[in-house]
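Undergrad: Just so you know, we're using the numbering used here here: the sequence shown kicks off at 1 and counts up by one.
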Amino acid sequence: MSLNLSLTPGTRDPIIPQNLALTEELAEQWRSVRRHWRLVLFCTFILPAIAALGLSGQPTIYTATGTMIYDPIDFAPRLLRGVELGDRGTDAVMASQSAVLTSADLAHHIAVSLNLAANPIYNPTLRKRSVWQKLTGQHPKQPDQNDLTEAVQRQLAAQSISSSRILQVSFTGPDGALAARAANLAMTFYLDRQLQSRFAALQTAQDWLTQRAEAVQQQLAATQGKIAQAQAKAGLSQGAQASLSDETASRLTEALVSARTALAESQARVETLSGPDQASDDAAIAPELQPLRSQESDLQAQLGALTTSFGPHYPQVIQVQRSLARVQTQIADAIARQIAASRAAAHAAAAQVASLQAMLDRTRQNAAQESFAAAPITGLQQQADAEQSLLRGLTEQMETLASQNALAQPDARILSPAFAPHKPSAPHRLLILAGSGLLGLALGLFAAFAAEALDGTFRSGDEIRSSLGLACFALLPEIPKRLLAGQSIAAYARSSPFSPFAEQLRALRASLWLGRTGRQIIAVTAARPDEGKTTLTIGLAIAAARSGEKILAIDCDVRQPSFETTFNLGGAPGLTDYLAGRARFAEIIHIDPGSGLAIIPAGTIALDALSLFMSDAMTQLMAELRSAFDLILLDVPPAFALAEARVLAHLADAALLCVRWHDTPRRVVMASLTLLHEANVRIIGTALTRVDPTAHSRSGFPDAELYHPRYGGYFRG
Numbered sequence: 001m002s003l004n005l006s007l008t009p010g011t012r013d014p015i016i017p018q019n020l021a022l023t024e025e026l027a028e029q030w031r032s033v034r035r036h037w038r039l040v041l042f043c044t045f046i047l048p049a050i051a052a053l054g055l056s057g058q059p060t061i062y063t064a065t066g067t068m069i070y071d072p073i074d075f076a077p078r079l080l081r082g083v084e085l086g087d088r089g090t091d092a093v094m095a096s097q098s099a100v101l102t103s104a105d106l107a108h109h110i111a112v113s114l115n116l117a118a119n120p121i122y123n124p125t126l127r128k129r130s131v132w133q134k135l136t137g138q139h140p141k142q143p144d145q146n147d148l149t150e151a152v153q154r155q156l157a158a159q160s161i162s163s164s165r166i167l168q169v170s171f172t173g174p175d176g177a178l179a180a181r182a183a184n185l186a187m188t189f190y191l192d193r194q195l196q197s198r199f200a201a202l203q204t205a206q207d208w209l210t211q212r213a214e215a216v217q218q219q220l221a222a223t224q225g226k227i228a229q230a231q232a233k234a235g236l237s238q239g240a241q242a243s244l245s246d247e248t249a250s251r252l253t254e255a256l257v258s259a260r261t262a263l264a265e266s267q268a269r270v271e272t273l274s275g276p277d278q279a280s281d282d283a284a285i286a287p288e289l290q291p292l293r294s295q296e297s298d299l300q301a302q303l304g305a306l307t308t309s310f311g312p313h314y315p316q317v318i319q320v321q322r323s324l325a326r327v328q329t330q331i332a333d334a335i336a337r338q339i340a341a342s343r344a345a346a347h348a349a350a351a352q353v354a355s356l357q358a359m360l361d362r363t364r365q366n367a368a369q370e371s372f373a374a375a376p377i378t379g380l381q382q383q384a385d386a387e388q389s390l391l392r393g394l395t396e397q398m399e400t401l402a403s404q405n406a407l408a409q410p411d412a413r414i415l416s417p418a419f420a421p422h423k424p425s426a427p428h429r430l431l432i433l434a435g436s437g438l439l440g441l442a443l444g445l446f447a448a449f450a451a452e453a454l455d456g457t458f459r460s461g462d463e464i465r466s467s468l469g470l471a472c473f474a475l476l477p478e479i480p481k482r483l484l485a486g487q488s489i490a491a492y493a494r495s496s497p498f499s500p501f502a503e504q505l506r507a508l509r510a511s512l513w514l515g516r517t518g519r520q521i522i523a524v525t526a527a528r529p530d531e532g533k534t535t536l537t538i539g540l541a542i543a544a545a546r547s548g549e550k551i552l553a554i555d556c557d558v559r560q561p562s563f564e565t566t567f568n569l570g571g572a573p574g575l576t577d578y579l580a581g582r583a584r585f586a587e588i589i590h591i592d593p594g595s596g597l598a599i600i601p602a603g604t605i606a607l608d609a610l611s612l613f614m615s616d617a618m619t620q621l622m623a624e625l626r627s628a629f630d631l632i633l634l635d636v637p638p639a640f641a642l643a644e645a646r647v648l649a650h651l652a653d654a655a656l657l658c659v660r661w662h663d664t665p666r667r668v669v670m671a672s673l674t675l676l677h678e679a680n681v682r683i684i685g686t687a688l689t690r691v692d693p694t695a696h697s698r699s700g701f702p703d704a705e706l707y708h709p710r711y712g713g714y715f716r717g
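1) Can you find the residues in the same chain that come closer than 8 Å, C-beta to C-beta, to S699, ignoring five residues on each side of it along the sequence?
2) Where does I227 sit, in a helix, a strand or coil, going by DSSP?
3) With DSSP collapsed to three states, give me the class of M94.
4) The beta strand (DSSP E) spanning D557 covers which residue range?
5) So what's T136 in DSSP terms, helix, strand or just coil?
6) Might you give, ordered along the chain, the residues of its own chain that have their beta carbon closer than 8 Å to the beta carbon of L675, omitting 5 neighbours on each side?
7) What separation, rounded to the nearest whole angstrom, lies between the Cα atoms of A418 and R127?
8) Check this for me: beta carbons of V681 and H662, under 9 Å apart or not?
9) Tell me, please, which residues DSSP counts as bridged to F171.
10) At a cut of 8 Å, does the region 588-605 reach the region 549-569 through at least three beta carbon pairs?
11) Which partner residues does H590 have in the DSSP bridge list?
12) For G685, does the three-state DSSP call read helix, strand or coil?
13) Going by the DSSP bridge assignment, what does I335 pair with across the sheet?
14) Are the Cβ atoms of C742 and A687 separated by less than 9 Å?
15) With distances taken from CA atoms, which of A543, A471, A95 is nearest D592?
16) For S488, which residues from the same chain have a beta carbon less than 6 Å from its beta carbon, with the 5 sequence-adjacent residues on both sides left out?
17) With burial defined as no fewer than 16 other Cβ atoms inside 10 Å of the residue's Cβ, what is the status of A99: buried or exposed?
18) Just reading off the beta strand (DSSP E) that I50 is part of, what are its end residues?
19) Can you look up I161 in the DSSP assignment and give me helix, strand or coil?
20) Do V636 and A523 count as a contact pair if the criterion is CB distance below 9 Å?
21) Which of the three DSSP states is assigned to I121 in this structure?
22) Drop a sphere of 10 angstroms on the beta-carbon of R710, count the other beta-carbons inside from all chains shown, and report buried for 16 or more, exposed for fewer.
23) Which residue marks the beginning of the alpha helix (DSSP H) containing T535, and which one marks its end?
24) With a CB to CB cut of under 7 Å and the five nearest residues on each side skipped, what residues in its chain are close to L508?
25) Between M68 and L167, what straight-line distance do the alpha-carbon atoms span, to the nearest angstrom?
26) For S416, which beta-bridge partners are listed by DSSP?
27) Could you tell me the alpha carbon to alpha carbon distance between A255 and L202, rounded to whole angstroms?
28) Whose CA, out of P174, A655, A609, M94, lies closest to the CA of A679?
29) Quick one: what does DSSP say D635 is sitting in, helix, strand or coil?
30) Among the candidates P174, R660, G379, E271, whose CA atom is the shortest distance from the CA of E463?
31) Helix, strand or coil for Q473, going by three-state DSSP, please let me know.
32) Measuring straight from C-alpha to C-alpha, what distance separates D730 and A345?
33) Can the beta-carbon of Q97 be found closer than 9 Å to that of A158?
34) How close, in whole Å, do the beta carbons of A350 and L263 come, if the pair is a contact with beta carbons under 8 Å?
35) Spatial neighbours of Y190 within its chain, please: C-beta separation below 6 Å, excluding the five flanking residues on both sides.
36) Say whether chain C places a C-beta atom closer than 9 Å to the C-beta of G440.
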């Protein structure tokens, strides 16, 4: 029965459900992290350690912050409106106020007020000299006032909150109480300087107004003097409201209007009395004719009644007629007298109107002459009026400035003073350490994944199977020196038959036995020296021999023989001596007394070893040994070291390639396989050698189960 463990073309991979594949992929990533847990742990702790070391040299910084509101007060006087008003809340204005709060003048005031020159924080000459300064002989420089001002400016900050008039003034330093005092000083000095600026602006305005008022007053006095001189020169007199001629003309005009009114009334009375209408006469002289008219009416009524009763010739009728004639004569006389009086009054009124009109004409002529003579005086009077108006305006401005209390208030006020902080603002040690820890963990995970991806060695049998397409028969553990206790590998293999090392040798022997058809002579080789091929050869040979098989181990590594030392042969003749004809077969074969293993050492180092291995004697020897032993193991040199390795592997039925665990690069292993394939060597499989059981048990690979502590009861030694 034969079982081929190598991968063959056409073999289908098992179908794995997608969800299980994803789970397995995540599990493999976790196993990758576990395989590099030391690297992850190192990165996780080294970054916080570096951060802690850096933080230990950083001083603790405190930041004290005060709050102000910039709220300019509306100022009424026109004179200062352009200075005091404007865009009072724009970003540009707020940025300007922030710049004022951090100006060099304000920083200098803080440095002087707090006497920072006597503070060791700002004056290095007051601090204790460091060891480096003592060794180098350096002496700190005494800071001048500019240095202190620049230091304060670096620590002082002011910023405005967006879309508001709020200003935040902060000071940062190693002393929290000092930072609070500095921030409050900055705000107080800022407000004081605003008041000083306002008072200076007020004083400047008042001085200018005083000077201007004095100049205008002098100009007004000069102008009034010129007016008086011009009036005296022109012989003009000034009335209460205007010139005398103008006032006389005004009064004459009023009198003329009254006279014309009286004339019109007199003429209307005359026309009324002279009219044919008796009712008009009666209306004009009603008070005087009323009795006569009443008597006339009574007599006419009596005459009508008597005439009707007695006729026109009745004596009493005649008597009444005579009485009526006398009354009518009296009425006519009264009307005549009234008409004559009214005409006389009309003639008098007309004469008065004519007189007043003549006087008015003369007065107007005089006023025109005076107005022509007073033309220069009018310009002077207008100038005097303008100067007097300006003087009144200046006086009002001066009175307003003197009584304006709003100017004594600054444009800003403190909303919240700065208090000494209890917690430092920098460095944020816990945050930095936590962040560095997380960053270290992320870096460690990245390093673990990178190490996993860049690892070019073989760490499990599965990696060999997937990369090389070869079977991995065994994972031989590294034998610690404490277990060897100075004894040889052969002695350890004989004395510890139940050790993990012996068990892996038996697993290797079983794999070789399962495919034993045509595999009687096995060449054990490796890609590089120190891979553990000799240990595997001796261990496998002793394990097989102790099971009762006839086993022969031949040391074919003539350049670096090891069988003589391992089995204490003491320079006995070996393979090369036999092939060269210097020794018989019986002289080169030795039996290990502890296991019954047959051994042929390498023999004398020969320059023509390659020719010896390619000779007919070597081929005949291999043919004779086949019939005498169940299994023949050839310990050949590394494939890259000597050409003899390929010749000897070609003489064997198959070759077993030893790969050192987590050490031999994959490219080297693949290159050695290429050399062996080119030599038509049949490679039966591989074995991982010098495995670290402890590390491999935590690697998460499937074959790491071999070294799990749960199997400890099966092994001894």
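All residues carry an ideal CB built from backbone N, CA and C; glycine is no exception.
All values derive from a computational prediction rather than experimental measurement.
TA: Reading from the atomic positions:
1) Translated into positions along the sequence shown, residue 699 becomes position 699. Apart from sequence neighbours up to five positions away, the residues of its chain that approach S699 with a beta-carbon distance below 8 Å are R31, R34, R35, R459, S460, ordered along the chain.
2) Taking the first residue of the sequence shown as position 1, residue 227 is located at position 227. Helix, per DSSP.
3) For the purposes of this step, residue 94 is taken as the residue at position 94 of the sequence shown. If DSSP states are grouped into helix, strand and coil, M94 belongs with the helices.
4) Within the sequence shown, residue 557 is the residue found at index 557, counting from 1. From DSSP, D557 is part of no beta strand (DSSP E); its letter is neither H nor E.
5) Locating residue 136 in the sequence shown gives position 136, counting from the first residue. The answer is helix: DSSP assigns T136 an H, G or I state.
6) For the purposes of this step, residue 675 is taken as residue 675 along the sequence shown, with counting starting at 1. Sequence-distant Cβ neighbours of L675 in its own chain, meaning closer than 8 Å and more than five residues away, are A639, F640, R646.
7) For the purposes of this step, residue 418 is identified with residue 418 of the sequence shown, where counting begins at 1. For the purposes of this step, residue 127 is identified with residue 127 of the sequence shown, where counting begins at 1. Computed Cα separation, rounded: 28 Å.
8) Locating residue 681 in the sequence shown gives position 681, where the first residue counts as 1. Locating residue 662 in the sequence shown gives position 662, where the first residue counts as 1. No. Outside cutoff.
9) For the purposes of this step, residue 171 is taken as the residue at position 171 of the sequence shown. In the DSSP output, where bridge partners are listed per residue, F171 has A64, L156.
10) yes
11) Taking the sequence shown and counting its residues from 1, the one referred to as residue 590 is at position 590. I599, per the DSSP bridge assignment.
12) Here residue 685 refers to the residue found at position 685 when the sequence shown is read from its first residue. Strand at G685.
13) The residue you call residue 335 lines up with position 335 of the sequence shown. I335 is not bridged to any residue.
14) Look at the range of the chain in this structure, 1 to 717, and you will see that residue 742 is not part of it.
15) Sequence index remark: in the sequence shown, residue 592 carries index 592 (1-based). Closest by alpha carbon: A543.
16) Residue mapping note: residue 488 aligns to position 488 of the sequence shown, counting from 1. Once the five neighbours on either side are set aside, the close Cβ partners of S488 are T566.
17) Locating residue 99 in the sequence shown gives position 99, where the first residue counts as 1. A99 should be labelled exposed.
18) Residue numbering aside, residue 50 sits at position 50 when the sequence shown is read from its first letter. Run containing I50: none in the beta strand (DSSP E); it sits in the alpha helix (DSSP H), 37-56.
19) Residue numbering aside, residue 161 sits at position 161 when the sequence shown is read from its first letter. Collapsing the DSSP output to three states places I161 in coil.
20) Counting from one through the sequence shown, the residue named residue 523 turns up at place 523. Counting from one through the sequence shown, the residue named residue 636 turns up at place 636. It is a contact, given that the beta carbons lie within the stated cut-off.
21) Sequence index remark: in the sequence shown, residue 121 carries index 121 (1-based). Coil.
22) If you number the sequence shown from 1, residue 710 lands on position 710. Exposed, because fewer than 16 other Cβ atoms sit within 10 Å of the Cβ of R710.
23) Residue 535 sits at position 535 when you count from the first residue of the sequence shown. Start and end: 533-546.
24) Position 508 of the sequence shown, counted from the start, is the residue given in the question as residue 508. Excluding sequence neighbours, L508 sits near F473, A474, L540, A687.
25) Translated into the one-based positions of the sequence shown, residue 68 becomes position 68. Translated into the one-based positions of the sequence shown, residue 167 becomes position 167. Whole-angstrom Cα-Cα distance: 5 Å.
26) Walking along the sequence shown from the start, residue 416 turns up at place 416. DSSP output for S416 lists T67 as bridge partner(s).
27) For the purposes of this step, residue 255 is taken as residue 255 along the sequence shown, with counting starting at 1. For the purposes of this step, residue 202 is taken as residue 202 along the sequence shown, with counting starting at 1. In a straight line, the C-alpha of A255 is about 59 Å away from that of L202.
28) As a first step, residue 679 is located in the sequence shown; it is residue number 679 there, counting from the start. In this structure, A655 is the residue among P174, A655, A609, M94 with its C-alpha nearest to the C-alpha of A679.
29) Start at 1 with the first residue of the sequence shown, and residue 635 comes out as number 635. Three-state DSSP puts D635 in a strand.
30) The residue labelled residue 463 in the question sits at position 463 within the sequence shown. By alpha-carbon distance to E463, the top candidate from P174, R660, G379, E271 is R660.
31) To locate residue 473, count along the sequence shown from 1; it is residue 473. One detail in the question is off: residue 473 reads as Phe in this sequence, not Gln. F473: strand per DSSP, three-state reduction.
32) Within the shown structure, residues of the chain are numbered from 1 to 717, placing residue 730 beyond reach of any answer.
33) On the sequence shown, position 97 is the one that residue 97 refers to. On the sequence shown, position 158 is the one that residue 158 refers to. Closer than 9 Å, so yes.
34) Translated into the one-based positions of the sequence shown, residue 350 becomes position 350. Translated into the one-based positions of the sequence shown, residue 263 becomes position 263. Contact flag correct, Cβ pair sits at about 5 Å.
35) Against the sequence shown, residue 190 aligns to sequence position 190. Hits under 6 Å: L101.
36) Given the protein chain composition of this structure (a single chain), no chain C is represented.
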